[in-house]
Every structure is written in C-alpha cells, then in structure tokens.
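Chains as they are written, first to last, in the working numbering: chain X, 444 to 810; chain G, 444 to 810; chain R, 444 to 810.
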Amino acid sequence: MKELFTKLYIKSKTLTGSLSISAAEIAKFIGGEVAGDGSAKINDMSSVAFCKPGNITFASNEEDLAAAEKSPASCILTTVKKEKYAKTAIVVDDMKKALTMMYNAMLELKPRPKGEVHPTAVISQSARIGRNAMVGPYAVIEDDVKIGDNARIGSGCFVGKETVMGDLCELFSNVVLYPQTVLGDKVTIHAGSVIGADGFGYVPRGEKIYKVPQMGNVIIGDNVEIGANSCVDRGTFTTTVIGSSTKLDNLVQVAHNVKIGKAVLIAAHVGIGGSTEIGDNTMIGGSVGVSDHVTMGNNVKVGGKSGVHGKIKDGVTVMGYPAIDADDFRKFMAARSLLVKHLSRLKKLIRQTPDDGETSEKQTKEG
Amino acid sequence: MKELFTKLYIKSKTLTGSLSISAAEIAKFIGGEVAGDGSAKINDMSSVAFCKPGNITFASNEEDLAAAEKSPASCILTTVKKEKYAKTAIVVDDMKKALTMMYNAMLELKPRPKGEVHPTAVISQSARIGRNAMVGPYAVIEDDVKIGDNARIGSGCFVGKETVMGDLCELFSNVVLYPQTVLGDKVTIHAGSVIGADGFGYVPRGEKIYKVPQMGNVIIGDNVEIGANSCVDRGTFTTTVIGSSTKLDNLVQVAHNVKIGKAVLIAAHVGIGGSTEIGDNTMIGGSVGVSDHVTMGNNVKVGGKSGVHGKIKDGVTVMGYPAIDADDFRKFMAARSLLVKHLSRLKKLIRQTPDDGETSEKQTKEG
Amino acid sequence: MKELFTKLYIKSKTLTGSLSISAAEIAKFIGGEVAGDGSAKINDMSSVAFCKPGNITFASNEEDLAAAEKSPASCILTTVKKEKYAKTAIVVDDMKKALTMMYNAMLELKPRPKGEVHPTAVISQSARIGRNAMVGPYAVIEDDVKIGDNARIGSGCFVGKETVMGDLCELFSNVVLYPQTVLGDKVTIHAGSVIGADGFGYVPRGEKIYKVPQMGNVIIGDNVEIGANSCVDRGTFTTTVIGSSTKLDNLVQVAHNVKIGKAVLIAAHVGIGGSTEIGDNTMIGGSVGVSDHVTMGNNVKVGGKSGVHGKIKDGVTVMGYPAIDADDFRKFMAARSLLVKHLSRLKKLIRQTPDDGETSEKQTKEG
Numbered sequence: 444m445k446e447l448f449t450k451l452y453i454k455s456k457t458l459t460g461s462l463s464i465s466a467a468e469i470a471k472f473i474g475g476e477v478a479g480d481g482s483a484k485i486n487d488m489s490s491v492a493f494c495k496p497g498n499i500t501f502a503s504n505e506e507d508l509a510a511a512e513k514s515p516a517s518c519i520l521t522t523v524k525k526e527k528y529a530k531t532a533i534v535v536d537d538m539k540k541a542l543t544m545m546y547n548a549m550l551e552l553k554p555r556p557k558g559e560v561h562p563t564a565v566i567s568q569s570a571r572i573g574r575n576a577m578v579g580p581y582a583v584i585e586d587d588v589k590i591g592d593n594a595r596i597g598s599g600c601f602v603g604k605e606t607v608m609g610d611l612c613e614l615f616s617n618v619v620l621y622p623q624t625v626l627g628d629k630v631t632i633h634a635g636s637v638i639g640a641d642g643f644g645y646v647p648r649g650e651k652i653y654k655v656p657q658m659g660n661v662i663i664g665d666n667v668e669i670g671a672n673s674c675v676d677r678g679t680f681t682t683t684v685i686g687s688s689t690k691l692d693n694l695v696q697v698a699h700n701v702k703i704g705k706a707v708l709i710a711a712h713v714g715i716g717g718s719t720e721i722g723d724n725t726m727i728g729g730s731v732g733v734s735d736h737v738t739m740g741n742n743v744k745v746g747g748k749s750g751v752h753g754k755i756k757d758g759v760t761v762m763g764y765p766a767i768d769a770d771d772f773r774k775f776m777a778a779r780s781l782l783v784k785h786l787s788r789l790k791k792l793i794r795q796t797p798d799d800g801e802t803s804e805k806q807t808k809e810g
Numbered sequence: 444m445k446e447l448f449t450k451l452y453i454k455s456k457t458l459t460g461s462l463s464i465s466a467a468e469i470a471k472f473i474g475g476e477v478a479g480d481g482s483a484k485i486n487d488m489s490s491v492a493f494c495k496p497g498n499i500t501f502a503s504n505e506e507d508l509a510a511a512e513k514s515p516a517s518c519i520l521t522t523v524k525k526e527k528y529a530k531t532a533i534v535v536d537d538m539k540k541a542l543t544m545m546y547n548a549m550l551e552l553k554p555r556p557k558g559e560v561h562p563t564a565v566i567s568q569s570a571r572i573g574r575n576a577m578v579g580p581y582a583v584i585e586d587d588v589k590i591g592d593n594a595r596i597g598s599g600c601f602v603g604k605e606t607v608m609g610d611l612c613e614l615f616s617n618v619v620l621y622p623q624t625v626l627g628d629k630v631t632i633h634a635g636s637v638i639g640a641d642g643f644g645y646v647p648r649g650e651k652i653y654k655v656p657q658m659g660n661v662i663i664g665d666n667v668e669i670g671a672n673s674c675v676d677r678g679t680f681t682t683t684v685i686g687s688s689t690k691l692d693n694l695v696q697v698a699h700n701v702k703i704g705k706a707v708l709i710a711a712h713v714g715i716g717g718s719t720e721i722g723d724n725t726m727i728g729g730s731v732g733v734s735d736h737v738t739m740g741n742n743v744k745v746g747g748k749s750g751v752h753g754k755i756k757d758g759v760t761v762m763g764y765p766a767i768d769a770d771d772f773r774k775f776m777a778a779r780s781l782l783v784k785h786l787s788r789l790k791k792l793i794r795q796t797p798d799d800g801e802t803s804e805k806q807t808k809e810g
Numbered sequence: 444m445k446e447l448f449t450k451l452y453i454k455s456k457t458l459t460g461s462l463s464i465s466a467a468e469i470a471k472f473i474g475g476e477v478a479g480d481g482s483a484k485i486n487d488m489s490s491v492a493f494c495k496p497g498n499i500t501f502a503s504n505e506e507d508l509a510a511a512e513k514s515p516a517s518c519i520l521t522t523v524k525k526e527k528y529a530k531t532a533i534v535v536d537d538m539k540k541a542l543t544m545m546y547n548a549m550l551e552l553k554p555r556p557k558g559e560v561h562p563t564a565v566i567s568q569s570a571r572i573g574r575n576a577m578v579g580p581y582a583v584i585e586d587d588v589k590i591g592d593n594a595r596i597g598s599g600c601f602v603g604k605e606t607v608m609g610d611l612c613e614l615f616s617n618v619v620l621y622p623q624t625v626l627g628d629k630v631t632i633h634a635g636s637v638i639g640a641d642g643f644g645y646v647p648r649g650e651k652i653y654k655v656p657q658m659g660n661v662i663i664g665d666n667v668e669i670g671a672n673s674c675v676d677r678g679t680f681t682t683t684v685i686g687s688s689t690k691l692d693n694l695v696q697v698a699h700n701v702k703i704g705k706a707v708l709i710a711a712h713v714g715i716g717g718s719t720e721i722g723d724n725t726m727i728g729g730s731v732g733v734s735d736h737v738t739m740g741n742n743v744k745v746g747g748k749s750g751v752h753g754k755i756k757d758g759v760t761v762m763g764y765p766a767i768d769a770d771d772f773r774k775f776m777a778a779r780s781l782l783v784k785h786l787s788r789l790k791k792l793i794r795q796t797p798d799d800g801e802t803s804e805k806q807t808k809e810g
C-alpha cells in the first residue's frame, strides 16, 4: 500500500506541484467504494464546518451527510449508504480507520507549505535553520541551535542554545526548549509545553536547602508527539530520554533522568518520577502517578489514576493505589462492595473475635 | 435590583463618562448601612494594599480596618461595627456576599477601558477586530479571525485562523487558541491556557503508531471562565463543547469530543477523558479523573481526587476510586478504620475460615 | 567553609574579572583529592556532552570517565579511582554531594553575565529596572513595576503592573506575573508558570453564577524556586504566601489564600486547595491533592498521590486517600492483600454472619 502512495505522490507532484489525488485513488487506498465521479480531484481533508472546494469531508450519519452534501467540499467520505449522493462519495465501513489511513497518507503526500522566517523572529547568527523551515513571529532562537529541514517553529517559541532538531519537527506556539535539547525527526510539540527545565532536586541541610545542579539534557526520538502544557525535565547529570514513536498527552510531567521506551502512550496528567524507566509499547492511563526509580517493563498497561511504585514486569496490567495486578484490583473492588453492603456484619465479626489478636499482631512485629 | 443598577449606570455615564457611584447607592444595592458621608463618590474597588483615592476598599477585622482607615481609599466596606470611622464606611454582615454583588455590578457599570491595538501585534489583513478591542504586544492573530467588540487579547497570545470570538472576551497573556475555535460572549481565559490542540488519538498497528486526525474544533459558550495553564482539545471529527457559565480552574484537561453542560464548576487538576458528557450544574472537586465515555448527569457532585467511570445519574454525589455513592464511600472509610484498628482480628478470622472458599471462588468464576 | 569561598571569590575577581579557581581550591572546598595538576584553572562546570576548555566535568563510572578524558574539559570530578588520569582529576566519594556543593558555591562565585535589555522588550516608562538586569526579547513590563539588580527576565514574559521583584530573580521564558505580585530575592520561576491569576471563587445563585472578586495578590519569599507550568493564584481579599526557601516542582497548583511556610518541598502535579496552611519544612509527594482549608503542621511528610483533608499535626507522615497515618496505611495495605487473597473466605464469613447486623446498622443511623 505504501508503494501505491509513493507512486501517487510522484505522479501528483509531477502534474500539479500541489496535492491532487482522484477520489478513485483514495478509495482504492482506504478500501472504500466510489459513488459518483471517481475522477474528482482532492487537495485536502477537513471537517464540514471548515471545508473548501477540492476538500474531502466526512459524514457518519444522515444529518452530517446532508450538511456535507450542501458544503463546498468536492467529495464526501461516509458510512451512510444510499442510492445517490449530491456529490462524489467514498463509502466505507469504518470511518475512524478510513480517516486515519487517509490522514497519514496525506501527511506524506502533501507538499510542505513554503517555509518563511518571520521578520520579527530573533535568531542568533550562529543558529543554522534548515531548508524550507518556517519560524513564526516573536520566536527566539539562541546561539548554536541547529534546526532541520521543513521544521515549523510557532509564534512565541523559545529555542535555547545548542539545541538540535531533526527534519520536519513542529513546535506550536509558545513552546519552550531549554538549552541543549535534542529532537529527532518529525517531533511534534503542542503549545505551551516546556522541555528541558531543571529537575526537582534539592539537598536539605540544616536550615538551608541546596539545589542539586541539573546539568544533563533531554533527548527525544523520532515521531514523538507531546501534547499541550506538558513538561519534560532535563537530566541531573545525564539525559532524560523519550523513545521514538512515543506519544504524551497534555499536562504530562516527566521528571529528570527518566528513560521512556518506544511507542509508549501516556495520557493526560500523568506524572513520572525521577529516574524511572519505562519499556516499549507500554500504555499509561490518565492521571496516573508513577513514583521515582520505578522499573516498568514492555507492554505494561496501567489503569487510569493508579499510583505505581516498585517494579512492574513485562506484559502486566496493573491498577489501584498503590497499583496491583488488575485481577487482584477487581477482587479488591468486590471486597469493597461486600464491606460497604455488610458493614454491620463486619463490625459484628470483629466484635466477636477475641482481641488476643492485637497481641499476636505485636508479636509478629517483634518477631 | 438589576433595574436599579441599570438606572445608576445611565445616570453615572451621563454625569461623568466614567464610573462614579455614591456610597449610599452602593450600600442600598448590597444591603449595607452607611456610616459617615453617603455622598462620597466611588470609582472602583481594590484591596487596601493597592487602593487609590476614589476606591472602596474592605476590612473584615480590626487590624485591616485600621489599615483601611489610613489608606487613600474613599470608602471602606466592613463587617466591623464601631461608633465612628475615619472615613465613609458601609457596614455589612457578609463580606463575601457584599463584595461579590458589588464586583459583579461594577463589572457591568465600569466603562470599558479604551481599547488599543499595540503596534507590535501581528494581525492578518483578513482578520476582523471589533470596536474598542485591545490587542496586547506581540499577540498574533491569523487569517479570517473575527473578534467581537471590547475584547481584550493579552500579550503573546496566538489566535489561530478562522477563530471566532464574541464580545467582551478576555484572553490573558500567552493564551493559545488553535484554528477554528469558537468563543461566545464574555469568555475569560487566563494566562497560558491552550484551546483546540489535537486530541490524544492513535491507532497502534504492528510497530507503527498512526495518528487519528483531529479535525473538529472547540466551541465555548457565553460567560465561561477558564483558569491558567488549562487545556481543551479540539474534537476528532466533530466538536468539543463547553456550555455557557461553566467555570474551569487551573491546569484542567478536557479531552477531545467532551460535551460539558451549563454552569458546571470544575476545580484544578481535573482531567476529563475523551467523549465524556457532563450535565448542567454539576460540580467536580480538585484532582478528579473522569474516564473516557463517561455520562454524568445534571447536578452531580464529585468529591476531590475521585476517579469516575461509567454512568452517573442526576443529582448523585460520588466519591472514591473508582467513585461510588458518597454514603457508600463513607461506609467504606468506616470499614477501612475497622480493618486498620483490628488487622490482627481480620487475620485470625481469615485463618479460622476453612479454605474451601478458594474453591467456591473458582467455581463462581467458571459458573 | 563559606569563609574560604568568600576569600577565593575576592581573590578570583581581583585577578581575572571572571571566575577562575584552581582545581586544588575546589578540591579543598568539596573535600576531594587532586590527581594531577592542582593549579589547573576552572571557569565553570558542565556535563561532558557540552563542556568547553576551562570547565570541570564529572564522571561516575569508567565509561563516562573515558569520555571525560577525551573531552575539552580542563578537569574531571570523579568517583572512579585509578593510577593516572588523562587530565587533572578531583576524586570524591559522593558525586551528588560534591557537585551540589560545587554548584552552589559557583552560583555565588560566578560573576553575573552582563545584563542587557533587549530592544524589543516593551517596558513602561514608570517601571524601574535594577542594575545589570537582563530583559529578554518580547518581554512586557507594565506600569510601576520594580525589578531588582541582576534580575533576568526571559523572552515572552509578562510582568503585570505594580509587581515588585527583589535582586537576582530569574524568570525563564513565557512566565506570567499578574499585577501586584511580590517576589523576594533570588526567586527562580521556570518557563510557562503563571503567578497571581484569579482564584476559583464563584457563588451560584439560581441560574447565574457570580464571580467572587479576586483582589488580593501573591507574595513569594527569598530563595523560592517554582518549576515549569505551575500556577499560584492571587488571594481573594488578602494574600497567597509562599515562604522563603520553599521549592515547587512542575505543574503544581496553589489556590487562593494559601499560606505555605519556609523550606517546604512540593513535588509535581500537587494541588493545594484554597485557604490551606502548610507549616515549615514539610514535604509533599507527587500528585497529592490537598483539600481546601486544611491545616498542615511543620515537618509533615505526605506520601505521593495521597488526598489530604482536615488537620495534620507537626512531624506526622500521612498517606492514602483520604490520607491517614502512614503506619495505619501500611496496615490497610496488609488488609487489602488479605482480602484480595482470601476474597472467598470474606464472602463466606459475611454469609455466615446473621444479617441482624443490617438492622443494627440502620438503628445506629437513626440513633
């Protein structure tokens, strides 16, 4: 399938210089069926509220379809089957899958918009900006920064000295990269996120609190996406690492010295404590707290709002506070229901049991 | 009461062109009693540390009253009763209520400060800025944006293309609105918040992780206030909605496709998962995590730090992780206390019970 | 020890005008042993990846040591003992301690970089900027602000009117200080944090929600450090206070009217509810939620992800949701393990207990 699209790409570029695929070509790629004129040319995808002529839009129900048919879009991707559509339609069974396939292909296919460096951007003379890179208004780029080709730096971003970014990176507005941050290719960081700030390290001594120097940096692999207002702290003495294809949601905290593997999914409000290591393909639900110095294996799943500490083996699903095996957590929930429903029976059971137990408890402690 | 103030408003404007109400008029409106010169003219309210001549300040105890009497303020709102005040005083029983009434009335009464567009703001030629709107230094406003009258856009804000804002909206510094965001009238967003970033949607397939396109937008109703550094993600295919009069605290996360009703109060650090729906007048305590695809009714109350999933009916109060009915949660807490206090008795009880139970457990599972 | 460094400082400044200490002097101060040329001059410290001639770098294992020996650094701090090093080495037993001591001393010793006000900074004519202060590009400083000597204001910061900052404060990029914020000396605030936004106060009345005016401010003591993307709200009628030497991590929320004591350590994602008071030297783990109106004593420790309410006495360690004494929490965890392991026995025990209990339970409620 990849081959098909590469071929299409070349053809489209040759013909037009900008994206232009036919509805029939898209249908073939995403496994849909064309109704109407398969030769209709598509230049982009967008939702019905914002679509323009040449766009393909989408509709999952009759109401949306009616709106899409009245819209300026040139083609409709739809799961609604009917005799005749007001314009070219591509009919599919699974909208999410179809749109995801189409979107990712278009990401590759679409010619990059022309990169321009806004005249208000403050760029050090020693910084090296790649070809066709876009730098927005009021961005600040410090000494010895290297930015790859086709990068897009949003308005108000700060890129600290000696930072290195690969090709096709995108920083939305007001992102801050502290000095010496390293980004691979195709890294996307949403607005307001801060990469490379000092980790939280202090040594209290008597009345004073001494700051531990945070002298490492952050290295982020290829194809990483980081949500809005998230934070990844620089290493204390070495490096905080986020592996390639890993995705962080909004408001995530990654502390100093953390090593996150590849293709890890971390939902919003997750906090990961210092020096924790997380394996590949692990998934962490929203609002989870992971303590410091935790070791989490590959393919681990952590249920939302859990608190994780210690060592979590490969492939395990954990949940709870502190997190335990998910099956055990379900048993605990069953026990909780019993205790809530039969609180008075629990009281009675406890009352009926002679309290020599308390003694044996103490003995156990001393033993 | 509203009528009184409208009347006052007209009168004040006619007379002076800027806010000027007498102490007696304020006292009448908030239900207080004037001590001293009721004709003293008030132009604004402020705390004692920052007050200027013409201001009304406030004091809830003798110490604060002494400070207020020495301040340049022209009038003091106070709950401290005494014979004689050093300047005009309005005596009330409930300070919070009095200040809240006065503040909200003054919001309506105070003539809007003159809006100016700072010469450094980068504004697209196709953007339409309303009358008397203020645009701060280094703000960036993209193509086809529409901003209503009397709006205030803080320094360093980014307003993405095709965004629409009603009248009297206020964005504090460094707010980011991604393209196609829609704000009603009187929407206030505090510094650093990000509205309309991509939702967290990925489809893992073998070794690759495909991004689900986030093609919807965010619509925010009238009179919504959003705290600092919060995030509201755009819809995947449709719209993320925040109903009118809803208030979000700081560092709140609202995921893609969420629908929040009217007059909902959401405290700090709350995370709301994708496609969740929340009814009107619901209140959610701090640090709560709401899972994805939750349905929460009207007038629900969620206790702080709870984890909510499933379906919560109208008017219910829930708490815990996972959240259960608040009464049940209290029973569980009673059971926890018993178990902690009598751990050894629990051990004894368990020990005394023959373990054929474990077998029946398995049978239940298989049954 | 302090005396030694003051002496060194004067000497160094006299000699060179910029930092220049010998390896022998550093070794003496941090209690290490010099191997090689003790007269080697040191001008700064940095990790091996970014070090330059004149720097001291560090290595905790043989591999790092090999890299450090090949680096341009002039001196190596190391815990690895061997016969001969490729360049001057200082050998210590505890790397973290040695680096922390050296870092804090160098902070004092290093001559401040020359402060410059970037020509793009928008600074009110009534603002007073201290000697040798640095103001970055696109910073905005409003009326009547006072900034102390040697301050550093990062790019894109907003400093609201009537704000007062002491000497040697540092704001990283895109920090927002709302009007009337007060910072002591040596306050460091990392990128994206927002100080002084409105607290979350509303009075619902019928269909409308009235905003409680937030008219106080924020006062932050000396030597405070605040992480990235954190929020500290202004007081409602009075002041939100953060005591000197207190440290906040990233994404922390401090609500209105909170009073935090001295030398308190607060980890990431902690939320502190309105009007809560926290004593000196208290430590709060990550993702903790503290309710409003909590009173927490001195030297309290709160385990990660706990939920705290009520009153916590001096010196107590608490944990759990809601938080209880840490010993009790451990007992509860033991009970949880028992219940999970022997769920069927619990069921049996409950089943065997006659349900007159439920009646007595009800009676208790009515009683």
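Even for Gly, the Cβ is constructed at its ideal location relative to N, Cα and C.
Chain X contact for residue i (CB, 8 Å cutoff)
i        : result
Gly747/G : no
Thr580/R : According to the sequence displayed, residue 580/R carries Pro and not Thr. Judged by the 8 Å Cβ criterion, Pro580/R is in contact with chain X.
Lys530/R : no
Thr807/G : Any reading at Thr807/G needs caution, since the residue's pLDDT is 44, under 50, leaving its predicted position unreliable; the model's value is listed next. Chain X contact via Cβ: absent.
For residue i, three-class secondary structure by DSSP
i        : result
Lys445/X : Here the model assigns Lys445/X a pLDDT of 44, short of 50, so the residue's position is not dependable and the matter cannot be decided.
Glu551/R : helix
Thr760/R : strand
Ala698/R : coil
Ser787/G : helix
Leu708/R : strand
Leu691/G : strand
8 Å Cβ cutoff, residue i in contact with chain G
i        : result
Gln568/R : no
Glu804/X : With a pLDDT of 44 at Glu804/X, under the threshold of 50, the modelled position of that residue is not reliable, and no figure is offered here.
Lys702/R : no
Tyr621/X : no
Where the beta strand (DSSP E) containing residue i begins and where it ends
i        : result
Glu476/X : 476-478
C-beta atoms of residue i and residue j nearer than 8 Å
i        : j        : result
Ala532/R : Ala582/R : no
Glu668/X : Lys690/X : yes
Gly597/R : Gly609/R : no
For residue i, the first and last residue of its enclosing alpha helix (DSSP H)
i        : result
Ala766/R : Unbroken run through Ala766/R is the beta strand (DSSP E), 766-768; no alpha helix (DSSP H).
Ala466/G : 466-473
CB contact check: residue i to chain R, cutoff 8 Å
i        : result
Ala640/X : yes
Leu792/G : yes
Asp798/G : yes
Arg555/G : no
Lys629/G : no
### Task
Write down every uninterrupted run of the beta strand (DSSP E) in the region 615-684 of chain R whose length is 3 residues or greater and which is fully enclosed by it, in chain order.
Those beta strand (DSSP E) runs which fall completely within the region 615-684 of chain R and span 3+ residues are 637-640, 645-648, 651-654, 660-663, 674-676.
### Task
Any chance you could list the beta strand (DSSP E) runs of at least 3 consecutive residues sitting entirely within the region 483-552 of chain G, in chain order?
The DSSP assignment places 498-502, 518-521, 531-534 as complete runs of the beta strand (DSSP E) inside the region 483-552 of chain G, in order along the chain (cut-off: 3 residues).
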